[in-house]
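Whatever position you read off the sequence shown (first residue = 1), add 128 for my numbering. Backbone N, C-alpha and C define an ideal beta-carbon position, used for all residues, glycine too. Values in this document were obtained by computation on a predicted structure and should not be read as measured data. To keep things clear, I will list the structure first and then write my remarks on it.
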Amino acid sequence: MSDRRTFLKSTVAVAAGLALGATNVSAETGPFPSGVVYTAEDPGMWDKKVGSHAPQVSVDGDKLTIETKHPMSADHYIVRHTLVSSDGKVVGYQVFSPDGTPKSTYATPAKGEYFATSFCNLHDFWVTKVTI
Ligand SMILES: [Fe+2]
Numbered sequence: 129m130s131d132r133r134t135f136l137k138s139t140v141a142v143a144a145g146l147a148l149g150a151t152n153v154s155a156e157t158g159p160f161p162s163g164v165v166y167t168a169e170d171p172g173m174w175d176k177k178v179g180s181h182a183p184q185v186s187v188d189g190d191k192l193t194i195e196t197k198h199p200m201s202a203d204h205y206i207v208r209h210t211l212v213s214s215d216g217k218v219v220g221y222q223v224f225s226p227d228g229t230p231k232s233t234y235a236t237p238a239k240g241e242y243f244a245t246s247f248c249n250l251h252d253f254w255v256t257k258v259t260i
């Protein structure tokens, strides 16, 4: 049943794509939908905000750090970081208050691909893909 649903969804998507024309179907420029998830490579309308919003990831032995170089104030701040594996498991997260520092640390996970996320209350959801 699931395979049939998947097939039907794919068929509808292809048909819709044909109806819209190929240029409308391939509007995404990266692994995420443009204008929904922002990355350093695809910052969309926030192209002047990359340096202060794209999460930066560093690994030092058994410690992985996510940092967003973003000022924090009551009106404008980083709300949350997450570290998610490529198969969708949340490795960890941290919620920040406006007077906090948007830096979070985790135990370095096993080798593989991960997504570090950072959410700004004014400038949306940002992701940096990293390979450890
Ligand atoms: Fe921001």
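Helix, strand or coil, according to DSSP, for residue i in the structure here?
i	result
residue 220	strand
residue 180	helix
residue 202	coil
Report the CB separation of residue i from residue j in whole angstroms; it is logged as a contact under 8 Å.
i	j	result
residue 191	residue 256	So it is not a contact: roughly 17 Å between Cβ atoms.
residue 218	residue 242	About 11 Å; that fails the 8 Å criterion.
I'd like to confirm something about residue i: is its beta-carbon nearer than 6 Å to some heavy atom of ligand 2, or not?
i	result
residue 250	The model on display carries ligand 1 but not ligand 2.
Any beta carbon of chain C sitting closer than 7 Å to that of residue i?
i	result
residue 213	Absent from the structure: chain C. Only one protein chain is present.
With the cut-off set at 7 Å, would you say residue i and residue j are in Cβ contact?
i	j	result
residue 164	residue 171	no
residue 168	residue 211	no
residue 249	residue 223	no
residue 226	residue 198	no
residue 209	residue 246	yes
So residue i is in the beta strand (DSSP E); what residue range does that whole segment cover?
i	result
residue 213	206 to 213
residue 233	231 to 235
residue 192	191 to 195
residue 242	241 to 248
residue 255	252 to 259
(message) With three or more beta-carbon pairs closer than 8 Å as the criterion, would you say the region 174 to 183 touches the region 193 to 207?
(response) Touching, yes.
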